[in-house]
Amino acid sequence: AQTIHQWPVAEIKAVGSPLSLGCTIKGKSSPNLYWYWQATGGTLQQLFYSITVGQVESVVQLNLSASRPKDDQFILSTEKLLLSHSGFYLCAWRDWGGAGQLYFGEGSKLTVL
Amino acid sequence: QQQVRQSPQSLTVWEGGTTVLTCSYEDSTFNYFPWYQQFPGEGPALLISILSVSDKKEDGRFTTFFNKREKKLSLHIIDSQPGDSATYFCAAGYNQGKLIFGQGTKLSIKP
Chain A
1 AQTIHQWPVA
11 EIKAVGSPLS
21 LGCTIKGKSS
31 PNLYWYWQAT
41 GGTLQQLFYS
51 ITVGQVESVV
61 QLNLSASRPK
71 DDQFILSTEK
81 LLLSHSGFYL
91 CAWRDWGGAG
101 QLYFGEGSKL
111 TVL
Chain B
114 QQQVRQSPQS
124 LTVWEGGTTV
134 LTCSYEDSTF
144 NYFPWYQQFP
154 GEGPALLISI
164 LSVSDKKEDG
174 RFTTFFNKRE
184 KKLSLHIIDS
194 QPGDSATYFC
204 AAGYNQGKLI
214 FGQGTKLSIK
224 P
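As they're listed, the protein sequences go chains A and B. For the first sequence, position 102 (counting from the first letter as 1) is numbered 102 according to my numbering, and the numbering increases by one without interruption. Count along the second sequence from 1, add 113, and you get the number used in my numbering.
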């Protein structure tokens, strides 16, 4: 069975500080990976997707960047946090071999002060 | 901009009752419609999904209905339980492409 793990679970950071959030998926080779952002009480907004190592496509510009250094790893980062970056960040993978189901990780809660 | 509209924003149902959540979408070419359940502090979990070739799919107490002509879908929860209290998101898109999520419905089941 596939498992998706995100780290850290939660972060409290200062405005202007750097950020790195990570995601690892096990049990699935060459997965399509996604980063989503969710404001408190809000909808799910896709930020980035990656279909292979080294390739990342941006969907929404939020002064964030993403990288895919390994087949099973997806990283979200920024050098300078804004207050508007606060929220819940979700990594997900898509099962193209099935009916196209999208599966989310447990999420990382970010509070920017 | 393509949108997926979800209603109501919040809903309270008595235990044992039937919950009905609805969504509408704009793009008639969409063919894949999943529903997600999210508990506070957790990632959304896929609850049930339907492809546009079907008009109904059932999984235990959860049933999703799809109306292609009206571009609407709904989620029915029968015998609603306090453990069903969560936020529910519908989505619309392609099973091999993009997905757009609704704004969510916060459901509370009262014992």
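For every residue, glycine included, the Cβ atom is placed at its ideal position computed from N, Cα and C.
Taking the Cβ atom as the reference point for each residue, do residue i and residue j lie within a distance shorter than 8 Å?
i        : j        : result
Leu188/B : Tyr201/B : yes
Leu76/A  : Ala92/A  : no
Phe146/B : Ala199/B : no
Ile163/B : Thr142/B : no
Gln101/A : Thr24/A  : no
Leu33/A  : Ser50/A  : yes
Pro8/A   : Ser108/A : yes
Could you check the C-alpha separation between residue i and residue j for me, to the nearest Å?
i        : j        : result
Asn180/B : Leu160/B : 19 Å
Ser165/B : Tyr149/B : 17 Å
Leu113/A : Val15/A  : 6 Å
Ser193/B : Leu83/A  : 38 Å
Glu106/A : Arg174/B : 25 Å
Thr135/B : Trp35/A  : 26 Å
Val56/A  : Pro224/B : 47 Å
Gln61/A  : Ser17/A  : 18 Å
Lys219/B : Leu124/B : 6 Å
Leu19/A  : Gly129/B : 45 Å
Gln115/B : Pro157/B : 22 Å
Leu21/A  : Leu110/A : 9 Å
Gly118/B : Glu11/A  : For clarity, residue 118/B is Arg in the given sequence; the question names Gly instead. Going by the C-alpha atoms only, they are around 32 Å apart.
Glu139/B : Leu212/B : 13 Å
Asp197/B : Arg182/B : 30 Å
Gln216/B : Ser137/B : 11 Å
Taking DSSP's pairing of strands, which residues face residue i in a bridge?
i        : result
Glu139/B : For Glu139/B, which the question treats as bridged, DSSP gives no partner whatsoever.
Phe179/B : Leu186/B
Ile12/A  : Thr111/A
Ala199/B : Leu220/B
Does the ligand SAH have even one heavy atom less than 7 Å from the beta-carbon of residue i?
i        : result
Lys185/B : As presented, the structure is devoid of all ligands, the ligand SAH included, so that no description of it is given.
Rounded to whole angstroms, how far is the Cβ of residue i from the Cβ of residue j, which I believe are closer than 8 Å?
i       : j        : result
Gly87/A : Gln46/A  : That belief does not hold up - the Cβ atoms of Gly87/A and Gln46/A are roughly 13 Å apart, past 8 Å.
Gly27/A : Thr3/A   : 6 Å
Leu44/A : Phe152/B : With 8 Å as the limit, Leu44/A and Phe152/B do not qualify as a contact, their Cβ atoms being about 15 Å apart.
Exercise for review: Quick one: which residues of the stretch 145 to 163 of chain B get their C-beta closer than 9 Å to a C-beta of chain A? List them in chain order.
Suggested key: So the close ones are Tyr145, Pro147, Tyr149, Gln151, Gly154, Glu155, Gly156, Pro157, Ala158, Leu159, Ser162.
Point to revise | Contact list for the stretch 81 to 103 of chain A against chain B, Cβ threshold 7 Å | key: Here the close residues are Leu90, Trp96, Ala99, Gly100, Gln101, Leu102, Tyr103.
**Study point:** Positions along the stretch 28 to 50 of chain A whose CB lies within less than 7 Å of some CB in chain B
**Key:** So the close ones are Thr43, Leu44.
Point to revise | Positions along the stretch 211 to 223 of chain B whose CB lies within less than 7 Å of some CB in chain A | key: Taking 7 Å as the upper bound on Cβ-Cβ separation, chain A lies near residues Leu212, Phe214, Gly215, Gln216, Gly217 of the stretch 211 to 223 of chain B.
**Study point:** Residues of the stretch 4 to 18 of chain A with Cβ closer than 7 Å to any Cβ of chain B, in chain order
**Key:** The residues in question: there are none.
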